[in-house]
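Contents: one structure, followed by commentary.
Numbering (this note's numbering), first residue to last: 7 to 293.
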């Protein structure tokens, strides 16, 4: 039924409108019934085709809107990411890889926006999920079967100050550092948000994995401190095949520069996540 309705709709009424006006119209349609949502999907797809790839600031947001619409059509019921990251990574690298191992750093409640739950639930993977928020960690423990850790990752101190958003923008909690300042300003400017702060213990990636020398996939989303975590990893001792790292500043090259230096290659950007892989440990013919 849905497939029959995916014919190209008539958008002549939108001719002469700016992309912003067209996108706003699609946003309104996205709140409607099935036909309206299908039309919104077609509009967002058309807008994305007119934008310059991943360097455009609007691309991650539109990708997320498209994914949310497709989820509302029940197209991706086994996937949990914000914009299709888990599906993209599986299709490219791990389609036939069962019993792998993941690290999910910034796991939130273990389900919402998770890049790793699909692999745990449907591919037989094991792994470690880390979440500093006391509130969300309680949900994480209930929602996941893998090992869970309630600590902050990648900081040299024994404890750090953690700012938890307990109302409003719940997924914008983070460690109180200069790197968190941009996110904190967004939270502070949101009237619906409320925060609490407290000290939390830290752990390094190398401590987490113990003597393990290879990880299949690492997802890294900790609101600004991602580079600190990456710089703390001994990549000579630990080979991570594929890494998805959140970059909220579209086009900011800091991650590309870092990964270039350690021999990783850029693969794609999905939503706000940049995907990198180690060429010596990924065989696309076996993915």
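Using N, Cα and C, we set each Cβ at its ideal position, and we do this for glycine too.
Evaluate contact between the segment 193-202 and the segment 119-137, counting only Cβ atoms and requiring at least three cross-stretch pairs below 8 Å. Judged by Cβ distances under 8 Å, the segment 193-202 makes no contact with the segment 119-137, as fewer than three pairs qualify.
Mind checking whether residue 181 and residue 168 have CB atoms under 8 Å apart? Taking the chain shown and counting its residues from 1, the one referred to as residue 181 is at position 175. Taking the chain shown and counting its residues from 1, the one referred to as residue 168 is at position 162. Yes.
Considering residue 177, what are the terminal residues of the alpha helix (DSSP H) in which it resides? Within the chain shown, residue 177 is the residue found at index 171, counting from 1. No alpha helix (DSSP H) contains residue 177, which DSSP labels as neither H nor E.
Note down the Cα distance separating residue 68 from residue 233, rounded to an integer number of angstroms. Along the chain shown, read from residue 1 onward, the residue named residue 68 stands at position 62. Along the chain shown, read from residue 1 onward, the residue named residue 233 stands at position 227. Those two C-alpha atoms are separated by around 25 Å.
Kindly indicate the opening and closing residues of the alpha helix (DSSP H) around residue 76. If you number the chain shown from 1, residue 76 lands on position 70. It spans 65-78 - the alpha helix (DSSP H) in which residue 76 sits, taken as one unbroken run.
Among 64, 49, 41 and 240, which residue has its Cα nearest to the Cα of residue 275? Here the question's residue 275 lines up with position 269 in the chain shown. Ranking 64, 49, 41 and 240 by Cα distance to residue 275 puts 64 first.
Between which two residues does the beta strand (DSSP E) harbouring residue 226 extend? In the chain shown, counting from the first residue as 1, residue 226 sits at position 220. It spans 220-226 - the beta strand (DSSP E) in which residue 226 sits, taken as one unbroken run.
Expressed to the nearest angstrom, what Euclidean distance is found between the alpha-carbon atoms of residue 151 and residue 116? Taking the chain shown and counting its residues from 1, one reaches residue 151 at position 145. Taking the chain shown and counting its residues from 1, one reaches residue 116 at position 110. Straight-line Cα distance between these residues: approximately 10 Å.
Residue interval of the beta strand (DSSP E) (run including residue 276): Residue mapping note: residue 276 aligns to position 270 of the chain shown, counting from 1. That run of the beta strand (DSSP E) goes 271-276.
If distances are taken between C-alpha atoms only, which option among 155, 130 and 83 comes closest to residue 102? Looking up residue 102 in the chain shown gives position 96. The shortest Cα separation from residue 102 among 155, 130 and 83 belongs to 130.
Nearest to residue 287 by CA position, among 27, 208 and 244, is which residue? Sequence index remark: in the chain shown, residue 287 carries index 281 (1-based). Taking only the C-alpha atoms, the option nearest residue 287 is 244.
Taking the DSSP output, what are the residues bridged to residue 203? Stepping through the chain shown from its first residue, residue 203 is reached at position 197. In DSSP, residue 203 forms a bridge with 169.
Identify, in the order they occur along the chain, each residue of the same chain with its Cβ nearer than 8 Å to the Cβ of residue 218, setting aside the five sequence neighbours on each side. Within the chain shown, numbered from 1, the residue matching residue 218 stands at position 212. Here the set comprises 107 and 244.
For residue 223, which of 43, 211, 205 and 247 has the nearest alpha-carbon? The count along the chain shown starts at 1 and reaches residue 223 at position 217. Among 43, 211, 205 and 247, the Cα nearest to that of residue 223 is on 247.
Rounded to a whole number of angstroms, what is the C-alpha to C-alpha distance between residue 311 and residue 179? The structure shown does not extend to residue 311, since the chain is modelled only from 7 to 293, so the question has no answer here.
Suppose you measure from the CA of residue 136 to the CA of residue 118; what does that come to, to the nearest Å? Taking the first residue of the chain shown as 1, we reach residue 136 at position 130. Taking the first residue of the chain shown as 1, we reach residue 118 at position 112. For residue 136 and residue 118, the distance between alpha carbons rounds to 14 Å.
Can you tell which of 257, 273, 144 and 231 has the C-alpha that lies nearest to the C-alpha of residue 249? The residue labelled residue 249 in the question sits at position 243 within the chain shown. Here the closest residue by C-alpha is 273.
What residue range does the beta strand (DSSP E) around residue 251 cover? As a position in the chain shown, residue 251 is number 245, starting the count at 1. Residue range 245-252 is occupied by the beta strand (DSSP E) that includes residue 251.
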